[in-house]
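Data first, discussion second: the structure below is written as structure tokens.
Numbering (the numbering used here), first residue to last: 3 to 72.
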């Protein structure tokens, strides 16, 4: 997957994988699952480039195959 993703789609997939949120916090909202907490981009920045989405997935310890099935 190498195309940009919308913030709404990012949140939808995180929720499908068992994450809660987004919650407001400082400059960025964040999603929570157990002890993991991952910041997500602000809504006014437009679509999220795949390179940034990939870094977010690494922080969330989500495998790309699981992400694509969500």
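Even for Gly, the Cβ is constructed at its ideal location relative to N, Cα and C.
- Under DSSP, residue 35 forms a beta bridge with 38.
- Around the beta-carbon of residue 15, 16 or more other beta-carbon atoms lie within 10 Å, marking it buried.
- Note on geometry: alpha-carbon atoms of residue 53 and residue 37 lie some 24 Å from one another.
- For residue 13 and residue 24, the gap between their C-alpha atoms comes out near 7 Å.
- Scanning the stretch 38 to 62 for uninterrupted beta strand (DSSP E) segments of 3 residues or longer gives 38 to 42, listed from N- to C-terminal end.
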